[in-house]
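Peer 1:
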Amino acid sequence: MLAREYRISADKDIKRILKLGKRQSVPECSVYMMPNSVGHTRVCVVVASGVSKRAIVRNRLKRQAREVLRAAIFDGRLNRALDVVVMIRAASATITDEQRVGFYKKLFERCHILSS
């Protein structure tokens, strides 16, 4: 689980990042990011109820995205202090778990959140 200091939970912070942050999108998800002054990366993963009606599916999608970022935080592979909001779309629920985790890693590297 991601420690509290690495999570974004305030609604106003999430809305600010969605409005002002830089966006990178693919059919499976969108990543919004902007620099922060906290000194380390903070993360929020959002899965709308339209992705799946089953909470089990939505929670699994969130856990997988968070785990990729959590591992990067503790491996020291993050490039800079960012606030990151990951919005997962319905297309992500149709691919396998292995494909999804690999896809998240590639997308985060392409966004320059992770170093390769």
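Numbering-wise, the sequence shown is residues 1 to 116 according to UniProt numbering.
Note that beta-carbon positions come from the ideal geometry of N, C-alpha and C, so glycine has one too.
Buried or exposed: where does D97 fall if 16 or more other Cβ atoms within 10 Å of its Cβ makes it buried?
Peer 2: By the 10 Å Cβ count, D97 comes out exposed.
Peer 1: Considering just the uninterrupted stretch of the alpha helix (DSSP H) at Y32, what are its terminal residues?
Peer 2: It is not in any alpha helix (DSSP H) - Y32 instead sits in the beta strand (DSSP E) that spans C29 to P35.
Peer 1: In terms of alpha-carbon separation, which member of I95, R60 and L69 lies closest to D83?
Peer 2: Comparing Cα-Cα distances from D83 to each of I95, R60 and L69, the minimum goes to L69.
Peer 1: With DSSP as the reference, label S25 as helix, strand or coil.
Peer 2: In this structure, S25 counts as strand in the three-state DSSP scheme.
Peer 1: So, for C14: in the same chain, excluding its five sequence neighbours on each side, which residues have a beta-carbon less than 8 Å away from its beta-carbon?
Peer 2: A small correction: the amino acid at residue 14 is Ile; Cys does not occupy that position in the sequence shown. So the qualifying residues of the chain are I8, C44, V46 and V85.
Peer 1: Give me the Cα-Cα distance between I17 and Y32, rounded to the nearest whole angstrom.
Peer 2: The alpha-carbon atoms of I17 and Y32 are separated by roughly 7 Å.
Peer 1: Check whether the Cβ atoms of L2 and R100 sit closer than 7 Å, and answer yes or no.
Peer 2: No.
Peer 1: Give a yes or no on whether the C-beta atoms belonging to E28 and A91 are separated by under 7 Å.
Peer 2: Yes; because the gap between Cβ atoms is below 7 Å, this pair is in contact.
Peer 1: Which residue spans inside the stretch 56-105 form an unbroken beta strand (DSSP E) run of at least 3?
Peer 2: Runs of the beta strand (DSSP E) inside the stretch 56-105: 82-88.
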